[in-house]
Every structure is written in structure tokens, then in C-alpha cells.
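Everything in the sequence shown is counted per this note's numbering, starting at 106 for the first residue and increasing by one. Even for Gly, the Cβ is constructed at its ideal location relative to N, Cα and C. Just so it is clear, the structure is predicted and the values come from calculations on it, not from any experiment. Notes follow once the structure below has been shown.
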Amino acid sequence: MLARVLRGAGVEVVQMQLSDERGVVALQLGDRNRATWRKLVKDGLAHGGIVELPPEEAAALLAEAAGTNLRTRTPFPKGLDVVLRHFGVQPQQSPTELPLPEPEDLRRAQEADVLHDTVELASWLPPEPDMRVLVQKMDEVVQSPLSLSDVQRQEQLQAAVLGVARDFFTPEVRQRYALRLWRMADYFERSSRPREADIARAEARRLFHGAQEPFSRFAERLFEKVLALVAAAGARAGARPGADTGPAEAAPAPTLERRSPGGLIIP
């Protein structure tokens, strides 16, 4: 959200939905009285999960998003031209770049899988088509006619996870997730979690600039969560009365990947 004090007693408030793939995809623009606005801010911050940004940082995010609209040829939602004019923002011409990796980034990035243990990233999952690819490969391993020990089967499942993760994290996807982690690092820092912020920034720099080996533990864990979800679904199915003792059919995984948390942006 962005707000601008009007002459008199009002506040112009714009609420936007931003996509790092398409830019500004929806917005609502309207006026509030100052008392209503102050209560909205107070209640939002008390609820948690959102942060207050300085005006210049909020404007930079809007400029970046509007620039993405132009580069991807995503039409501006109704009212965006007005918002840009009122807040004095010009669309960012070039994509956002991240700094080069630092000497300590490799060490920090080896812990990047722990980011998935945070409340904000716990429900991040790959896009549905890529989850289906992994589930199909898992089925091939589980239903293989070969006589495999539990250890061998687990090794093959882990190899399937790693293979699908490597295929998914193309250079474009690496940069997209790098920018998401960069934003999350700022959020972690503002919510007094310096360790998570340092790890997220280290992983973001390595992902953005194409570091290949060792492969990203953050990326691998993203797909390991699908493996865990399918295993849990199979266990629940097997526990039902009259359940078949054969391999359980994998339940469909959640269909939407989690993005970064919504933020309250005010002057």
C-alpha cells in the first residue's frame, strides 16, 4: 500500500498487487480520512506479517513493478498511470541487478535449506507442472519392478528430486528466485532475524549470478517438500480402514507457489 496526504484532512491510499513476473496486476485507489488510515496502519502492523517501508523504498518497488509491466507487455491496470503521476514515480527501465557474491556466501548458502523452516517460506512450493513431473518420477521409483532396498529406493528418490530441481532452475528462474530471496532478506532483517537475512542474501547473490556447484540447497529443499507432502499423503491413505497395502496414489500437491508476504507501504 502507498499513501499520500491530501490537502485538507484526507489521505489518498492505493493498494496494489505486484507480480515479479508481470508487474502491477491489480490496484485499488481511493481516499480515506486520516483517522481511518491511522487505524488501518496500526491494526495492520499489530497483526504481523507486514512491514512499514520508507517512502523512497516504496517508490522504488513501484518503479520496478511498473517497469516489469512494460518489459513483459503486461497492460497497466486501470488507474496505474494516475498512481505513477501522483507519487512521482517513473517505471524502471532495466531489470533489477543484485550485487556479486561475497567470499562468505558459499558457507552461508550451504545452510539455505533452513529458510524453508521459516513461517514465510514454509509453504513455498514449485509450480504445479513441475510438481507433477516430480510426482511422476517418484511413482516410477516406487513402482519399479526392480528389487530395491529401502536405502536404494531413497537414493533414487533423492536423485529424482535433484534432477527435477536442476531442470527447473534455469538462469531465468534462478534470477527470479534470487530477487524473491533478496526481498525476503530485507523482511527478515526488519523482523529481527539477522541469521535468516544473511543466509537469504548469500543465496540470492549466488543464484542471481549463476553459481552452479555445489547445487543450491534452497532449490533442492523446494522440491524435497513435495516429496514429504506425497509421503505424508500416502501414510494417511494407508492408515484408513480397508486401505490397499500397495503403493498409495500420490495426492495432488498444493497448486500455487507461495510468494513473499504482502507488505504495508506507507510514507
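Please work out which residues of its chain come closer than 8 Å, Cβ to Cβ, to proline 182, disregarding the five sequence neighbours upstream and downstream, and give them in chain order.
Val129, Val130, Ala131 and Leu132
Separation of alanine 302 from arginine 288, as counted between CA atoms
10 Å
In terms of residue numbering, what span does the beta strand (DSSP E) encompassing alanine 108 cover?
107 to 110
Assuming glutamate 117 is part of the beta strand (DSSP E), what are its boundary residues?
115 to 124
Neighbour-count burial assignment, lysine 330, 16 or more Cβ in a 10 Å radius
buried
Can we say the stretch 210 to 228 touches the stretch 244 to 253, given the rule of at least three CB pairs closer than 8 Å?
no
Taking all protein chains shown into account, do 16 or more other C-beta atoms lie within 10 angstroms of the C-beta of glycine 351, making it buried, or fewer, making it exposed?
Low per-residue confidence applies at glycine 351: pLDDT is 48, beneath 50, and the placement is therefore not dependable, though the value from the model is reported in the following sentence. Exposed: under 16 other Cβ atoms inside 10 Å.
Look at the alpha carbon of valine 188 and the alpha carbon of valine 194, and state the distance between them as a whole number of angstroms.
8 Å
Which word fits proline 299, buried or exposed, when buried means at least 16 other C-beta atoms lie within 10 angstroms of its C-beta?
exposed
Length of the line joining the Cα atoms of alanine 114 and aspartate 136
10 Å
Beta-carbon separation (whole angstroms), phenylalanine 328 vs proline 231, contact threshold 8 Å:
6 Å
Evaluate valine 224 with the Cβ neighbour count: other Cβ atoms within 10 Å of its Cβ, from every protein chain shown; 16 or more gives buried, anything less gives exposed.
exposed
Rounded to whole angstroms, what's the CA-CA distance from alanine 336 to glutamine 241? Just pull it up for me.
14 Å
Identify every residue that forms a DSSP beta bridge with glutamine 133.
Gln120
What does the Cβ neighbour count give for leucine 158, buried or exposed, with the cut at 16 atoms within 10 Å?
buried
Determine the closest residue to proline 198 out of Asn174, Val219, His191 and Val146, with distance taken between C-alpha atoms.
The sequence given here places glutamine at residue 198; proline does not occur at that position. Comparing Cα positions, the closest option is Asn174.
In three-state DSSP terms, what is aspartate 153?
It is worth fixing the name first, because residue 153 is glycine in this sequence and not aspartate. Coil at glycine 153, not helix or strand.
State whether the stretch 144 to 151 contacts the stretch 275 to 290, with contact taken as three or more CB pairs (one from each stretch) at a distance under 8 Å.
no
Does the distance from the C-beta atom of arginine 295 to that of proline 204 stay below 8 Å?
no
Report buried or exposed for valine 256, applying the criterion of at least 16 other Cβ atoms within 10 angstroms of its Cβ.
exposed
Terminal residues of the continuous alpha helix (DSSP H) containing leucine 286?
276 to 295
Do aspartate 125 and arginine 281 have their CB atoms nearer than 8 Å?
yes
Cutting at 7 Å between CB atoms, please list the residues of its own chain near leucine 361, excluding the five before and the five after it.
For leucine 361, the pLDDT reaches just 40, beneath the cut-off of 50, and the residue's location in the model is therefore unreliable, although a value from the coordinates is still provided. Around leucine 361: no qualifying Cβ.
For lysine 242, the first and last residue of its enclosing alpha helix (DSSP H):
233 to 247
For glutamine 263, tell me which candidate among Ala163, Leu107 and Arg322 has the shortest Cα-Cα distance.
Arg322
Within 8 Å, strictly: CB atoms of threonine 201 and glutamate 169
yes
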